[in-house]
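Trainee:
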Amino acid sequence: MTASFWRPIWESKAVGPINAASGRSSYGPAAVAALVADAVAGLGLEPGDGLLDIGCAAGLIGQYLAPRLRTYVGLDYVAEAVRQFGRRCGTRTVCASAMALPFADGSFDKSLMSSVLLCLSLDECRQALREMRRVTRKRGFCSGNLVGNRPDGHYCPKGCHCYAHATWFRPGTLLDLALACGWHSAYLTPISPELEHSAFMVDMILEI
1 MTASFWRPIW
11 ESKAVGPINA
21 ASGRSSYGPA
31 AVAALVADAV
41 AGLGLEPGDG
51 LLDIGCAAGL
61 IGQYLAPRLR
71 TYVGLDYVAE
81 AVRQFGRRCG
91 TRTVCASAMA
101 LPFADGSFDK
111 SLMSSVLLCL
121 SLDECRQALR
131 EMRRVTRKRG
141 FCSGNLVGNR
151 PDGHYCPKGC
161 HCYAHATWFR
171 PGTLLDLALA
181 CGWHSAYLTP
191 ISPELEHSAF
201 MVDMILEI
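With the working numbering as the guide, the letters of the sequence shown map in order to residues 1 to 208.
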């Protein structure tokens, strides 16, 4: 599926509670804590870092990351989600596409793209990974965007749009894609088992 397919879904969720606006509507506090811990560990976040959160939605993860960093910028292509995040967190937010980031080369120490590649076509994934690489100086982290163990049919027992209509990758395919988009190295690390569907999700760490 493509970004345009997902836009009306995220626009409708953006007017709901923060968990729905994140695209992870079933995630409670424990799962959110696991997401944040994965991002902090994977990126090696330090107080002096500047971070770009690509696909920040209404701030399910970013509300916890922003206060601990020198600079945090949340970016999403849904305007209402960006407005909600800005009001909630009081930090800089930008409404733009992951495929055309409105920042100069090397603007951020590190970058995060959580559950975005699932919602893009293969060509859009290439564009997003290239753009992410272009604006990042040190390290990137894609969380929950690799699904390498897809069973026959759709793994979607609750009718979740994320998995019924996602772009699915095999591990080697996504790693090769990241390298082809200019990242110096890419490797996988298991996602926290506290997360729903964790058996079908893997974190990818990207190095310059």
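We treat Cβ as the ideally placed atom computed from N, Cα and C, and that holds for glycine.
On a predicted model such as this, the values are computed, not experimentally measured, just so you know.
(1) Quick one: is M201 near chain C, going by C-beta distance under 8 angstroms?
(2) Where DSSP assigns a beta bridge to S114, which residues make up the other side?
(3) What is the DSSP secondary structure of S107, counted as helix, strand or coil?
(4) Tell me the residue span of the beta strand (DSSP E) that contains R92.
(5) Going by beta carbon distance, what residues of the same chain come within less than 6 angstroms of L206, once the five residues before and after it are set aside?
(6) Is it buried or exposed for P151, if we count other Cβ within 10 angstroms and need 16 for buried?
(7) In terms of residue numbering, what span does the beta strand (DSSP E) encompassing E207 cover?
(8) Could you tell me how far apart the beta carbons of L117 and A128 are, in whole angstroms, since I believe they sit closer than 8 angstroms?
(9) So, does the stretch 93-104 touch the stretch 35-45, judging by three or more C-beta pairs under 8 angstroms?
(10) Do three or more CB pairs link the stretch 106-115 to the stretch 86-96 at distances below 8 angstroms?
(11) Does R137 come out as helix, strand or coil in the three-state DSSP assignment?
(12) Count the other C-beta atoms from every protein chain shown that fall within 10 angstroms of the C-beta of D176, then say buried if there are 16 or more, exposed otherwise.
(13) Can you check which of these residues, Y72, I54, A3 and V32, is closest to E194 by C-alpha distance?
(14) What residue does the beta strand (DSSP E) around Y72 start on, and which one ends it?
Mentor: On the basis of the data shown:
(1) Absence of chain C from the displayed structure is noted, only one protein chain being present.
(2) As a working note, residue 114 is residue 114 in the sequence shown. Beta-bridge partners of S114 (DSSP): S143.
(3) On the sequence shown, position 107 is the one that residue 107 refers to. S107: coil per DSSP, three-state reduction.
(4) Residue numbering aside, residue 92 sits at position 92 when the sequence shown is read from its first letter. Counted as a single uninterrupted DSSP element, the beta strand (DSSP E) harbouring R92 occupies residues R92 to C95.
(5) Start at 1 with the first residue of the sequence shown, and residue 206 comes out as number 206. Excluding residues within five positions, the ones whose Cβ falls inside 6 angstroms are G140, A178, W183 and A186.
(6) One-based indexing of the sequence shown puts residue 151 at position 151. Confidence in P151 is poor, its pLDDT being 46 and thus under 50, which makes the residue's placement unreliable; the coordinate value appears in the next sentence. So P151 ends up on the exposed side.
(7) In the sequence shown, the residue the question calls residue 207 occupies position 207. It spans V202 to E207 - the beta strand (DSSP E) in which E207 sits, taken as one unbroken run.
(8) Walking along the sequence shown from the start, residue 117 turns up at place 117. Walking along the sequence shown from the start, residue 128 turns up at place 128. In this structure, L117 and A128 form a Cβ contact; the two beta carbons are roughly 7 angstroms apart against a cut-off of 8 angstroms.
(9) no
(10) no
(11) Within the sequence shown, residue 137 is the residue found at index 137, counting from 1. It is a strand residue.
(12) Numbered from 1 along the sequence shown, position 176 holds the residue referred to as residue 176. With fewer than 16 Cβ atoms within 10 Å of its Cβ, D176 is classed as exposed.
(13) The residue you call residue 194 lines up with position 194 of the sequence shown. It is V32 whose Cα lies nearest to the Cα of E194.
(14) Residue numbering aside, residue 72 sits at position 72 when the sequence shown is read from its first letter. Start and end: T71 to D76.
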